[in-house]
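A.B. asks: First, the structure itself, so that you have it in front of you.
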Amino acid sequence: MTATSTVDTHCPYCALQCGMGLRPTAGGTVEVVERDFPVNKGALCGKGRTAPGVLLAEGVRLTGPLVRSGATGELEPASWGAALDRVAEGLVRVRAGHGADAVGVFGGGGLTNEKAYALGKFARVVLKTSQIDYNGRFCMSSAAAAHQRAFGLDRGLPFPVADIARTGCVILVGSNLADTMPPALRYLTELKANGGKLIVVDPRRTRTAEQADLHLQPRPGTDLALALGLLHLVVAEGLVDEAFVEERTHGWPEARAAAMAHWPELVERITGVPVPALREAVRLFCGTPEGMVLTARGPEQQAKGTDTVGAWINLCLATGRAGRPRSGYGCLTGQGNGQGGREHGQKADQLPGYRKLDDPAARAHVAGVWGVDPDDLPGPGRSAYELLDALGRDVKGLLLMGSNPVVSAPRAAHITERIAALDFLAVCDVVLSETAAMADVVLPVTQWAEETGTVTNLEGRVLLRRKAIDPPDGVRSDLYVLNVLAAHLGWEKGFATNPEEVFDELRRASAGGPADYSGITYRRIAEEEGVFWPCPADSHPGTPRLFLDRFATPDGRARFVPVMHRPSAEEPDAEYPLYLTTGRVLAQYQSGAQTRRVAELNAAAPGPFVQLHPQLADRLGVADGEPVAVTSRRGRAVAPARVSRGIRPDTVFMPFHWPGEGRANTLTNPALDPASRMPEFKVCAVRVERAQA
Amino acid sequence: MRIVVVGAGMAGARLTGQLAPCGGVEVTVVGEEPYAPYNRVLLAEVLAGRYQADVIRLPDAARGAVRRGVRAVRVDRAERVVVCDDGTVVPYDRLVLATGSNAVLPPLRGLFAEGRGELPGGVHAFRTMEDCLALSGAVRAGARAVVVGGGLLGVSAARALAARGAQVVLAQQGEHLMERHLDQAAGQLLRAHLASLGVEVHTECRVRGLHHATGAGRPVRSVELADGYRLDAELVVLACGVRPRVGLAQSAGLDVAKGIVVDDELRTSDPYVHAIGDCSQHDGVVYGLAGAATEQADALARVLTRNGRNYRGTRALTRLTLNGPQAMDIAAFGETTAMPGDDVLRLADATRGTYRKVVTRGDRLVGGILLGELATVGELARAWEGDEPLPDRASPLHLLTDNGGS
Numbered sequence: 000m001t002a003t004s005t006v007d008t009h010c011p012y013c014a015l016q017c018g019m020g021l022r023p024t025a026g027g028t029v030e031v032v033e034r035d036f037p038v039n040k041g042a043l044c045g046k047g048r049t050a051p052g053v054l055l056a057e058g059v060r061l062t063g064p065l066v067r068s069g070a071t072g073e074l075e076p077a078s079w080g081a082a083l084d085r086v087a088e089g090l091v092r093v094r095a096g097h098g099a100d101a102v103g104v105f106g107g108g109g110l111t112n113e114k115a116y117a118l119g120k121f122a123r124v125v126l127k128t129s130q131i132d133y134n135g136r137f138c139m140s141s142a143a144a145a146h147q148r149a150f151g152l153d154r155g156l157p158f159p160v161a162d163i164a165r166t167g168c169v170i171l172v173g174s175n176l177a178d179t180m181p182p183a184l185r186y187l188t189e190l191k192a193n194g195g196k197l198i199v200v201d202p203r204r205t206r207t208a209e210q211a212d213l214h215l216q217p218r219p220g221t222d223l224a225l226a227l228g229l230l231h232l233v234v235a236e237g238l239v240d241e242a243f244v245e246e247r248t249h250g251w252p253e254a255r256a257a258a259m260a261h262w263p264e265l266v267e268r269i270t271g272v273p274v275p276a277l278r279e280a281v282r283l284f285c286g287t288p289e290g291m292v293l294t295a296r297g298p299e300q301q302a303k304g305t306d307t308v309g310a311w312i313n314l315c316l317a318t319g320r321a322g323r324p325r326s327g328y329g330c331l332t333g334q335g336n337g338q339g340g341r342e343h344g345q346k347a348d349q350l351p352g353y354r355k356l357d358d359p360a361a362r363a364h365v366a367g368v369w370g371v372d373p374d375d376l377p378g379p380g381r382s383a384y385e386l387l388d389a390l391g392r393d394v395k396g397l398l399l400m401g402s403n404p405v406v407s408a409p410r411a412a413h414i415t416e417r418i419a420a421l422d423f424l425a426v427c428d429v430v431l432s433e434t435a436a437m438a439d440v441v442l443p444v445t446q447w448a449e450e451t452g453t454v455t456n457l458e459g460r461v462l463l464r465r466k467a468i469d470p471p472d473g474v475r476s477d478l479y480v481l482n483v484l485a486a487h488l489g490w491e492k493g494f495a496t497n498p499e500e501v502f503d504e505l506r507r508a509s510a511g512g513p514a515d516y517s518g519i520t521y522r523r524i525a526e527e528e529g530v531f532w533p534c535p536a537d538s539h540p541g542t543p544r545l546f547l548d549r550f551a552t553p554d555g556r557a558r559f560v561p562v563m564h565r566p567s568a569e570e571p572d573a574e575y576p577l578y579l580t581t582g583r584v585l586a587q588y589q590s591g592a593q594t595r596r597v598a599e600l601n602a603a604a605p606g607p608f609v610q611l612h613p614q615l616a617d618r619l620g621v622a623d624g625e626p627v628a629v630t631s632r633r634g635r636a637v638a639p640a641r642v643s644r645g646i647r648p649d650t651v652f653m654p655f656h657w658p659g660e661g662r663a664n665t666l667t668n669p670a671l672d673p674a675s676r677m678p679e680f681k682v683c684a685v686r687v688e689r690a691q692a
Numbered sequence: 000m001r002i003v004v005v006g007a008g009m010a011g012a013r014l015t016g017q018l019a020p021c022g023g024v025e026v027t028v029v030g031e032e033p034y035a036p037y038n039r040v041l042l043a044e045v046l047a048g049r050y051q052a053d054v055i056r057l058p059d060a061a062r063g064a065v066r067r068g069v070r071a072v073r074v075d076r077a078e079r080v081v082v083c084d085d086g087t088v089v090p091y092d093r094l095v096l097a098t099g100s101n102a103v104l105p106p107l108r109g110l111f112a113e114g115r116g117e118l119p120g121g122v123h124a125f126r127t128m129e130d131c132l133a134l135s136g137a138v139r140a141g142a143r144a145v146v147v148g149g150g151l152l153g154v155s156a157a158r159a160l161a162a163r164g165a166q167v168v169l170a171q172q173g174e175h176l177m178e179r180h181l182d183q184a185a186g187q188l189l190r191a192h193l194a195s196l197g198v199e200v201h202t203e204c205r206v207r208g209l210h211h212a213t214g215a216g217r218p219v220r221s222v223e224l225a226d227g228y229r230l231d232a233e234l235v236v237l238a239c240g241v242r243p244r245v246g247l248a249q250s251a252g253l254d255v256a257k258g259i260v261v262d263d264e265l266r267t268s269d270p271y272v273h274a275i276g277d278c279s280q281h282d283g284v285v286y287g288l289a290g291a292a293t294e295q296a297d298a299l300a301r302v303l304t305r306n307g308r309n310y311r312g313t314r315a316l317t318r319l320t321l322n323g324p325q326a327m328d329i330a331a332f333g334e335t336t337a338m339p340g341d342d343v344l345r346l347a348d349a350t351r352g353t354y355r356k357v358v359t360r361g362d363r364l365v366g367g368i369l370l371g372e373l374a375t376v377g378e379l380a381r382a383w384e385g386d387e388p389l390p391d392r393a394s395p396l397h398l399l400t401d402n403g404g405s
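Going down the list, the sequences are from chains U and F.
Per numbering that gives the first Met the number 0: the first sequence = residues 0 to 692.
Per numbering that gives the first Met the number 0: the second sequence = residues 0 to 405.
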C-alpha cells in the first residue's frame, strides 16, 4: 500500500453509510477525502469527517488487553494470550457452574455482517446458549416487527434513498435526520425543489421540522392515534385506493373499523394536533399520486411501537402508496449496520438470512452449513432488555461486543447494577467505554479503517468497508477473538479470521432465506456500488426496489393489521406531571463512546441538557443554562436547562449520549412492546425542578 | 368474572374492547339495537352522505357473546341476574349499565296521535342509526326540511341535510345558536356560516305544533311557530337534547338523579353494578359526550381489572366540525359569556370569519371559544384539562395564538 493511495470505504457511524475515501497519512492515521457514492454524493457530516480522531489519539484508543487484577481490583495491562485464557476460563466456569444458558452474549448494530454472523454462530454452536441479543433491539425492532407483519419481510427502505427526492409527498415520523443523518437531508431538499411536500411529525420543532411544509407536533406517545386519525379522514374524504386494497391487500374492513373509532376530534383530544392540521396533512399526502411514510425512533421506541408503525403502514396501504414506484413505507434505521446486524443471527430469535430460530427448516439449513445437529441448536432467548435485566441472576457471565449499555439501556442505573452483579464480564471494544470499564477482561479490537468487512445500510444495500491502515500494535479483530475462544472451547475449525471467508459462509447460510445474500460477493459489491438484497444468485442483479409485483407474504398480498390507540405505559400524573422524550444531537452518536472522544465534536456538543419551553421554565423559575433536576420513577438526572420554543410546554427533551449525572437513560422506562420487545425510550413521566448549582 | 354489559353503544363497545385482551373475564353484551355497534359521533356524516352506514361500525372487539336485538327488561340484584325480553336470564358477577340516552321529544301539538307512540311521517329524532337511515332515505334535493333545535345536534343535522340538497330551516327558541357553548358573537358567525351553506336560521323562534295529513303514516305538512306562522315541511328533525335512560336502574332501586349516580369507580349504589356513558352521572355531571363515555369505559376497564387509576371526571372541549367545501371548526368549553369582574381576551377577524376568546376569573380559566382558527386548540385543551392557576405574569394570549406568550 503506498502512502498516497486512497481506499474507498464507508463512514463508521449511522445507517446511511456514506461513501468516503481514506488516504493514509505519514502519521499512521488517515485523512478523509470525498468520494462520489450514490447515497451521499460526496457529502459527509461532522461526525464522518472527524472519524479518524478515534483511531489513534493519545489516551483514546485501547492498544492492549486489560485484565482485572485479583490483587488490586483494577484493570491492568495483560498479554493477548493471558487475556483470552482468562475469558475462556471465565465463560467455562460459569457454564460449568450454572449451565449453558447462564452465559450470555450481547452484540451491537455497529458490528459488520461478518462479526454479527460469527458472534451468533459462536453463541449457538460453541457456547450453546440461547441467551444472545444485541442493542439493535433498542433501535428499529418495532419497525422490523411491523414490516414482517404487514409485508412478510423486513428491509428498512423498500427503495433506494434517492427515490425520496422523486416522490410527491413524504410524511416523516419521529425523525430528526437533519441532526442524526445530515447527508440524507439533501433528499428532502431535493424533494421540495421538485415540488414535493414534506410533513414532519415530531413533538419538537427540530431542524428537520423547520424544513417541513406542515409540522404536526403531537404529545409524545400519541402518533398511533395520529396515524389512525389521518386514515379516518382518508376514508371520510373518499381517498381510499379501492382497487389497490382489493387486489393487493388483506384485512381492510377490520383496519378501517379501527380507524373509524378514532374520529378526528377524538384524535385532536388525544394528540393535541388540531383537526384542520389533520385535514391539511391528508390533503398534502393524497394530493399527489405518489407518497411515502418514513419512520424513525420516535414512533418505534414505544411500548406500542409495532402497532404505531402498523398504523402508518395502514395509511400507506389504504392509499395505495406501497408496492409501487416512488411510494411506500420505510424505516430510517439508526445504527451503521442496524440492517445487516438484524439479519444474521445475533438477535435472540433469529438465524442467518433473517431465518426464524423456531422454524425447523431454517434450523436444519443453518445447522447443515455449520456442520452440527439441528437439535443441538438452542431455541429463542431473551430480548435485549430482558437479557440485561437477568444479569447476575439467571445469566452470570457475559461476552459483550460493540455496545455500551451503561449509557444506552433504559433504566440505566438498574442495568449498571445488574452488570456489576455478573460473575464474569468480557468486553470487546475500541475504547474503554463506561461498560468496558466494569469488565473483568477488556479486549481491544479493530475498527472501521483498520479492517475489512461488509455492512448493510438502511436501503438494504450491502456495502464493503475496506481496510486502509494497519491497527495499532496490540489490537486484534473480533473475528480473531472468536476464533481463539472457539479453539479454547473445543472448536478448532469453523471460525475463520479472514472476513471474506466468513462472508462466503454467511452467503451459504443465508441462501434461500428472506435476506438472501448468496449471490453477493466482495467483488460485486465493489463493482456495482453495493448490492441490494435479496440477491439469490451470482447472475441476479439484486433488488433495489421491493414489492413492486408482490409482497413477501405467502399469498403476495400485504396485510392490514387492525390497531387501536392506547396510552403510553407511563402517562403524566400529579407526581410526575411532564413527558420526557429523548434523542440525539448533531455532533454526538449513540452512547458517545466514539464521538465523546473527538475534540471537535465535544466542542460542538460538550454535554447533556434539558430542553424545555419558556412557559415551563417560567413556571419553574429556571433560566437558560441553570441546572435542573429531572426525576422519574427510576431515578434522577441533572443537566443545564436549554430554554427553547421548539418543544411542547408539557414535554422536556434530553439527549442520551452522556454517562454520569446527566444520563438521560437513568430516567427512561423499560416497558416493552409485546411484539418487538422494544423499550419505551421515547416517553415517560417526569418531574422537573431547579437543582442546586 | 362474568361481566354483563347492558347496552352496545359506544361506551359498552369500548368497554368490551378494552376487556377483550384481559384474562379471567367473560363478557356478555345485551344490546337492544339491531345494528352492530357503531360510532354515534359520525351519524351526521352518514346523513350528509360522507360515509356509508356500515363504515362507521365500531371494531368488533367484543370477544364475549353479543346478544343483539335483545332488551334487558329487569335486573334482579338479589339474584344477580338480568332478565331479557326473550325470556333468557343472564347471571353476572358485575353488571355494567351502558344504556345511553334517549332523544327528548318536545311537547308539540300534533306530535303524537291519540293514544299512539308513533311520530308523524317525516318527523324524526336524530339519535340512532335508525333515525339516521330513515332521514337519509327520505331526504332528496329540494326537500323542505325543518330542524327544531339549535344546539350542537341541530346544527349538525341542518348542515348534513343541506349537504344533501335539502332546503333547510333551523328553528331555535334561544337567542343564538349553540347557546350552551357559544356566546352571541360566535353564534352569529356560526349562523353566517350556516347561511352560506343554504340553511335559514330562525332564532328566538319557538315551535308549538306540527300539522300533518290524516291517513296512513300521517305525513307531516308543516311546522307551526309560536306566532302562528307555518313553515312548510316534508321532513322535521327534532334535535331538542337527550335524556339519560335510567328506567332499568330506577326499577332496580339504584340511586338515580338526572343519571345513574356513580362514584370514582363508576360504581352505582350497588357495588356489583356499574354505569358508564350517557346514562351515568358522576360528581353531579351527566356528560352526554362520546369522549367522556370513552374515558369512563377505559377507567372502568382499569377498575375491573384492578389496573390503574380511577375515573376523575372529564374536562373536554366541546368540538364541532362542519364539513363542506369550506370546513368550519368550533371548539368551546366552560362559561363563554363573562360574568361581572371576569377578564375577557377576544380576537375577532371579521374578514376571515374567525373568533377566539378566553374568559378568566382570578387566576383561573373559566371558558373559551375557538371558531374558525384552531391552531391553539391543543394548548387550550391542556390548560382547561389541567385546571391549574394561570401564570401571573404572562397574558393568556398564548392560548389564542401561536405567536402569543413568551
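Glycine included, every Cβ here is placed at the ideal spot set by N, Cα and C.
(1) Using a cut-off of 8 Å between C-beta atoms, extract the partners of Asn-38 (chain F) located in chain U.
(2) Applying the criterion that 16 or more other CB atoms from any shown protein chain within 10 Å of the CB defines a buried residue, is Thr-320 (chain F) buried or exposed?
(3) Determine the direct distance from the alpha carbon of Val-244 (chain U) to that of Arg-549 (chain U), and round the result to whole angstroms.
(4) Locate the beta strand (DSSP E) running through His-273 (chain F), then write down its first and last residues.
(5) Return helix, strand or coil for Pro-275 (chain U), following the three-state DSSP convention.
(6) Closer than 8 Å by C-beta to Gly-250 (chain U): which residues in its own chain qualify, once you throw out the five before and the five after it? Chain order, please.
(7) With DSSP collapsed to three states, give me the class of Asn-134 (chain U).
(8) Among residues of its own chain, excluding the 5 on either side of Asp-162 (chain U), which ones have a beta-carbon nearer than 7 Å to its beta-carbon?
(9) At a CB-CB cut-off below 9 Å, which residues of chain F make contact with Gly-304 (chain U)?
(10) Roughly how far, in whole angstroms, is the beta-carbon of Ala-170 (chain F) from the beta-carbon of Cys-204 (chain F), given that I think they are within contact range, below 8 Å?
(11) If I follow the unbroken beta strand (DSSP E) through Ile-422 (chain F), where does it start and stop?
(12) Quick check on Tyr-37 (chain F): does DSSP put it in helix, strand or coil?
(13) Closer than 8 Å by C-beta to Lys-712 (chain U): which residues in its own chain qualify, once you throw out the five before and the five after it? Chain order, please.
(14) Give a yes or no on whether 8 Å exceeds the smallest Cβ distance from Pro-395 (chain F) to chain U.
(15) Mind listing which residues of the region 183 to 213 of chain U have their C-beta closer than 7 Å to chain F's C-betas, in chain order?
(16) Gly-323 (chain F) and Arg-163 (chain F) look like a contact to me (Cβ under 8 Å); what is the Cβ gap, rounded to whole Å?
(17) Run through chain U and tell me which residues come within less than 7 Å of Val-376 (chain F), C-beta to C-beta.
(18) Residues in its own chain within less than 7 Å of Ile-55 (chain F) by CB, not counting five upstream and five downstream?
(19) Could you compute how far the alpha carbon of Leu-615 (chain U) sits from the alpha carbon of Phe-137 (chain U)?
(20) Please report how far the alpha carbon of Leu-18 (chain F) lies from the alpha carbon of Val-429 (chain U), in whole angstroms.
(21) Just confirm the distance between the C-beta atoms of Lys-256 (chain U) and Trp-311 (chain U), as a whole number of angstroms; I'd bet it's less than 8 Å.
(22) Touch check for the region 376 to 386 of chain U and the region 126 to 135 of chain U: three-plus C-beta pairs under 8 Å?
(23) Are at least three pairs of beta-carbons, each pair with one atom in the region 213 to 232 of chain U and one in the region 197 to 204 of chain U, less than 8 Å apart?
(24) Can you list, in chain order, the residues of its chain with a C-beta nearer than 7 Å to that of Ala-751 (chain U)? Leave out the 5 residues immediately preceding and following it.
(25) Near Gly-401 (chain U), which residues of its chain fall below 6 Å by C-beta distance, leaving aside the five closest residues on each side in sequence?
(26) Which one of F:Ala-292, F:Ala-133, F:His-201, F:Gly-153 has the shortest CA to CA distance from Pro-243 (chain F)?
(27) Counting C-beta neighbours from all protein chains within 10 Å, is the total for Leu-547 (chain U) 16 or more, i.e. buried, or is it exposed?
(28) Within 8 Å of any Cβ in chain U, is that where the Cβ of Thr-304 (chain F) sits?
(29) For Leu-387 (chain U), which residues of its own chain have a beta-carbon under 8 Å away from its beta-carbon, when the five flanking residues on both sides are left out?
(30) Could you please give me the residues that DSSP links to Gly-290 (chain U) through a beta bridge?
C.D. replies: On the basis of the data shown:
(1) Against the second sequence, residue 38 (chain F) aligns to sequence position 39. What Asn-38 (chain F) touches in chain U: Met-259, Ala-260, Trp-262.
(2) As a first step, residue 320 (chain F) must be located in the second sequence, where it is residue number 321. So Thr-320 (chain F) counts as buried.
(3) The residue labelled residue 549 (chain U) in the question sits at position 550 within the first sequence. The residue labelled residue 244 (chain U) in the question sits at position 245 within the first sequence. Rounded to the nearest angstrom, the gap between the Cα atoms of Arg-549 (chain U) and Val-244 (chain U) is 13 Å.
(4) For this step, residue 273 (chain F) is matched to residue 274 along the second sequence. Going by DSSP, His-273 (chain F) is part of the beta strand (DSSP E) stretching over 272 to 274.
(5) As a working note, residue 275 (chain U) is residue 276 in the first sequence. Helix, per DSSP.
(6) On the first sequence, position 251 is the one that residue 250 (chain U) refers to. So the qualifying residues of the chain are Arg-558, Phe-559, Val-560, Pro-561.
(7) Stepping through the first sequence from its first residue, residue 134 (chain U) is reached at position 135. Per DSSP, reduced to three states, the secondary structure at Asn-134 (chain U) is helical.
(8) Counting from 1 along the first sequence, the entry for residue 162 (chain U) is found at position 163. Contacts found: Arg-325.
(9) On the first sequence, residue 304 (chain U) is found 305 positions in, with the first residue counted as 1. Going along chain F, no residue has its Cβ under 9 Å from Gly-304 (chain U), so there is no contact; the nearest lies around 17 Å.
(10) Residue 170 (chain F) sits at position 171 when you count from the first residue of the second sequence. Residue 204 (chain F) sits at position 205 when you count from the first residue of the second sequence. Indeed, because the Cβ distance is near 5 Å, the residues count as touching under 8 Å.
(11) Coverage of chain F is limited to positions 0 through 405, which leaves residue 422 (chain F) absent and any answer about it impossible.
(12) Position 38 of the second sequence holds residue 37 (chain F). Tyr-37 (chain F): strand per DSSP, three-state reduction.
(13) Within the shown structure, residues of chain U are numbered from 0 to 692, placing residue 712 (chain U) beyond reach of any answer.
(14) What you label residue 395 (chain F) is simply residue 396 of the second sequence in a count that begins at 1. Taking Cβ atoms only, chain U never reaches closer than 8 Å to Pro-395 (chain F), which makes this a no.
(15) Here the close residues number zero.
(16) Taking the first residue of the second sequence as position 1, residue 323 (chain F) is located at position 324. Taking the first residue of the second sequence as position 1, residue 163 (chain F) is located at position 164. Gly-323 (chain F) to Arg-163 (chain F), Cβ: 12 Å. No contact.
(17) Within the second sequence, residue 376 (chain F) is the residue found at index 377, counting from 1. The contacting residues are Glu-267, Pro-273.
(18) Translated into positions along the second sequence, residue 55 (chain F) becomes position 56. Counting only Cβ-Cβ distances below 7 Å, and skipping sequence neighbours, we find Tyr-37, Asn-38, Leu-41, Val-45.
(19) As a working note, residue 615 (chain U) is residue 616 in the first sequence. As a working note, residue 137 (chain U) is residue 138 in the first sequence. The alpha-carbon atoms of Leu-615 (chain U) and Phe-137 (chain U) are separated by roughly 30 Å.
(20) Along the second sequence, one-based indexing puts residue 18 (chain F) at 19. Along the first sequence, one-based indexing puts residue 429 (chain U) at 430. If you draw a straight line from the Cα of Leu-18 (chain F) to the Cα of Val-429 (chain U), it comes to about 50 Å.
(21) Start at 1 with the first residue of the first sequence, and residue 256 (chain U) comes out as number 257. Start at 1 with the first residue of the first sequence, and residue 311 (chain U) comes out as number 312. At residue 256 (chain U) the sequence reads Ala, which differs from the Lys that was named. Rounded to the nearest angstrom, the Cβ distance from Ala-256 (chain U) to Trp-311 (chain U) is 18 Å, too far for a contact under 8 Å.
(22) They touch, by the three-pair rule.
(23) The region 213 to 232 of chain U is in contact with the region 197 to 204 of chain U.
(24) Lying outside 0 to 692, the shown extent of chain U, residue 751 (chain U) is not represented and no answer is given.
(25) For the purposes of this step, residue 401 (chain U) is taken as residue 402 along the first sequence, with counting starting at 1. Cβ neighbours of Gly-401 (chain U) beyond the five flanking positions: Gly-107, Gly-109, Leu-110.
(26) Position 244 of the second sequence, counted from the start, is the residue given in the question as residue 243 (chain F). If you compare the alpha carbons of F:Ala-292, F:Ala-133, F:His-201, F:Gly-153 with that of Pro-243 (chain F), the shortest gap goes to F:Ala-292.
(27) By 1-based counting over the first sequence, the position of residue 547 (chain U) is 548. Flag for Leu-547 (chain U) reads exposed.
(28) Here residue 304 (chain F) corresponds to residue number 305 of the second sequence, with the count starting at 1. Under the 8 Å criterion on CB atoms, Thr-304 (chain F) is classed as non-interfacial with respect to chain U.
(29) For the purposes of this step, residue 387 (chain U) is identified with residue 388 of the first sequence, where counting begins at 1. These residues qualify, in order along the chain: Phe-105, Pro-404, Ala-408, Ile-414, Arg-417, Ile-418.
(30) Start at 1 with the first residue of the first sequence, and residue 290 (chain U) comes out as number 291. By DSSP's assignment, Gly-290 (chain U) forms a beta bridge with U:Cys-168.
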